[in-house]
Structures are given as structure tokens and as C-alpha cells.
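The structure appears right after this line, and notes come after that.
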Amino acid sequence: MYKRVLLKLSGEALSADGEIFNAAVLDDISAQIKTVVDDGVEVAIVVGGGNFIRGRMADDLGIDRMQVDYMGMLGTVINALAVQGALERHGVHTRVQTAIDMTKVAEPYIPRRAIRHLEKGRVVVFGAGTGSAFFSTDTTAALRASEIKADVILMAKNGVDGIYDSDPRTNPNAKRLESLTYMEVLQKELAVMDATATSMCMDNDIDLLVFNMNEKNNIIKAVRGEAVATRVSKGGN
Ligand code: UDP
Numbered sequence: 751m752y753k754r755v756l757l758k759l760s761g762e763a764l765s766a767d768g769e770i771f772n773a774a775v776l777d778d779i780s781a782q783i784k785t786v787v788d789d790g791v792e793v794a795i796v797v798g799g800g801n802f803i804r805g806r807m808a809d810d811l812g813i814d815r816m817q818v819d820y821m822g823m824l825g826t827v828i829n830a831l832a833v834q835g836a837l838e839r840h841g842v843h844t845r846v847q848t849a850i851d852m853t854k855v856a857e858p859y860i861p862r863r864a865i866r867h868l869e870k871g872r873v874v875v876f877g878a879g880t881g882s883a884f885f886s887t888d889t890t891a892a893l894r895a896s897e898i899k900a901d902v903i904l905m906a907k908n909g910v911d912g913i914y915d916s917d918p919r920t921n922p923n924a925k926r927l928e929s930l931t932y933m934e935v936l937q938k939e940l941a942v943m944d945a946t947a948t949s950m951c952m953d954n955d956i957d958l959l960v961f962n963m964n965e966k967n968n969i970i971k972a973v974r975g976e977a978v979a980t981r982v983s984k985g986g987n
């Protein structure tokens, strides 16, 4: 069992049935997080924004990349507020901290303060990514996990139950891996997270668990150390 975890939720993890936010999905995630908090585990969350927009859409839109990145970061704040609202409905105390100051709706990101909230049993939801364009929320997860000294990053994927040695959608012989190193992820260009996030996790020796969030109670199981995830670490075991 881990003591302090950082859960990365992509924007799409909050969506279903063509809805930007799906009530049943938000409810399920919140109920699982409540169980984890009740188990005595400190939980921080980094939310993505891909259910709204991603930087890589810039060319198609004909809008400058940096502008689209800021749109994406603002999308993550909307998601952070949605997650906060859903968690509070389950009686979980939360704080949202944003990397772009918007003090009417959230606290500014202050690492020591975030740690204090965690120690008091509050869930801290980080919004607005790193606050800088040209980064991803995966990199944000690596950065925040390093800053708050999380034991592990839990990467909840939609419909994928871990990491494979090649793409299981195109290669029927693709093999699911139990564990591997960050160097292998980089060398084999495995689509786990972007290279910036991967190398940041490697440099700061943060473990990563990749699991399918569409399987029942997988967030709880991953935190409890059950064998539902592929584990990535610096040393590989
Ligand atoms: N983004 C950014 N800087 C950050 C984090 C995010 O510019 O530090 C922008 C970027 O355009 C990204 C978008 O916000 O594509 C949404 O985040 P992401 O794609 O990581 O969301 P996810 O795929 O996890 O839903």
C-alpha cells in the first residue's frame, strides 16, 4: 500500500457516451478515490484537458500552438472543478490548485501548501497543467509527483490494461509487460507518455503504474498493490 499517490486522469477519462462529462463516470471515480482516502492514503490528482482540446490540434484549427496550449490548460481547470464537485458530493474534502492563477475559483499552486492539504487528508486536484505551453499533463504529473514527493504515479488509461511491447491494436501478438524501465520506454518509443514526462520520471526516480480504468475498482486495486498494472521504474523491478 502506498502512502502518497498521484493519480493522472486524462480529460477523456471523465467522458463517455459522447458527453464531455459523464455523471456515472465521475461518480465511479469519486467513490473509488473516497475508498482510497478512507484507507489512509494521501491522494493528489492531475487532470488532463483532452476532452476539450489538445495542442496538437493547432495546425488544423489554424490557431497558434501557444494559444491552443493555453486553451488546453484552461480546459484542465474546468475538469479540475468537475472532479472537485464530484468528490465533494461523496464527502471527500478537496482543494483545487492551479498553475495559472485564478483565485476566484481555486488556490494558486503552492507546493508546501499542497503537501499540507495532503497531510490533513484532503485531496488536491492540480489544474492548468504546468502553466507553460509546449508541455503535457503527463509531464505535469511527473513534475507534481516529484514536487510533492509522491510514492507513485497512477496512470489510469481508457481501455488499455497496461503496456505492451508493441501496439496491441495493430499487432495480435503484442505481449503485455508486467514491468519495465523508463529507458526501455524511451528506447522502444512505447506510447506510455511523452518523452519529456518519461525522462522526468526517470530522473526523479518516480514509479509509474499503468492500468485500465474501465475495469471495476482498478484505482483502488492499483493503490493496494494488486496485479492490475504494468509497473515502470528506473530499475525495472
Ligand atoms: N497543456 C499545456 N501545458 C501543460 C499541460 C497541458 O500547454 O503543462 C495543454 C496542451 O495543449 C495539451 C492540453 O493542454 O494538449 C491538454 O492536456 P493533455 O493533452 O495533456 O490532456 P489529456 O490528454 O491528459 O486529457
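Per the numbering used here, the sequence shown starts with residue 751, numbered consecutively. All residues carry an ideal CB built from backbone N, CA and C; glycine is no exception. Note that this is a predicted model, so its numbers are computed, not measured.
Option in the options with minimal Cα separation from residue i
i, options, result
"P858", "E869, H867, V755 and V846", "V846"
"D953", "L936, K984 and K758", "K984"
"A781", "I903, R919, L824 and V842", "V842"
"Y752", "N964, L958 and M852", "L958"
"T988", "V978, A972 and A977", "Coverage of the chain is limited to positions 751 through 987, which leaves residue 988 absent and any answer about it impossible."
"V791", "N921, R754 and M933", "R754"
"S949", "M823, Y932 and N962", "Y932"
"D911", "Y820, N962 and P918", "N962"
"I898", "A849, P918, I865 and L904", "I865"
"G877", "A849, P861 and A947", "A849"
"S882", "L904, S896 and V818", "V818"
Per-residue burial, residue i [other beta carbons within 10 Å of its own, 16 or more giving buried]
i, result
"F884", "exposed"
"L893", "buried"
"M816", "exposed"
"K758", "buried"
"V827", "buried"
"K870", "exposed"
"A906", "buried"
Through-space distance from residue j to residue i, alpha-carbon basis
i, j, result
"E838", "I803", "26 Å"
"A794", "V873", "6 Å"
"A766", "S886", "22 Å"
"D853", "K938", "Per the sequence shown, the amino acid found at residue 853 is Thr instead of Asp. Roughly 42 Å between the two C-alpha positions."
"A977", "D814", "43 Å"
"A856", "G835", "12 Å"
"Q955", "D888", "Note that residue 955 is Asp in the sequence shown here, rather than Gln. Cα-Cα distance, rounded: 15 Å."
"R863", "N921", "46 Å"
"T844", "V787", "11 Å"
"R806", "L824", "15 Å"
"D944", "C951", "11 Å"
"A808", "H867", "36 Å"
"I860", "D851", "11 Å"
"G822", "V875", "16 Å"
"Y820", "G812", "15 Å"
"A947", "S896", "11 Å"
"D789", "D810", "46 Å"
Own chain residues within Cβ distance below 6 Å of residue i, not counting five before or after
i, result
"S760", "G798 and G800"
"S916", "A924"
"G909", "N964"
"T890", "V796, G879 and T880"
"I969", "Q782"
"L904", "V755, L757, L959 and A972"
Close beta carbons around residue i, own chain, < 8 Å, minus the five adjacent residues each side
i, result
"I913", "R926, L927, L930, V935, L940, V942, V960, T980 and V982"
"L764", "I770, F771, N772, V775, L776, I779, V797, N801, N829, A832 and V833"
"D901", "Y752, K753, R754, V755 and D957"
"E762", "G798, G800, N801 and N908"
"G768", "none"
Close-in-space but distant-in-sequence residues of the same chain around residue i (CB under 7 Å, 5 per side omitted)
i, result
"N967", "Q782"
"R974", "M751"
"P918", "A924"
"H840", "S780, A781 and K784"
Checklist entry - Hey, which unbroken runs of the alpha helix (DSSP H) at 4 residues or more fall wholly within the region 774-861? => result With a minimum length of 4 residues, the continuous alpha helix (DSSP H) runs that stay inside the region 774-861 are 808-811 and 815-839.
Checklist entry - Enumerated in chain order, which unbroken segments of the beta strand (DSSP E) with a length of 3 residues or greater are wholly contained in the region 903-978? => result Fully enclosed beta strand (DSSP E) runs of 3 or longer: 929-931 and 957-962.
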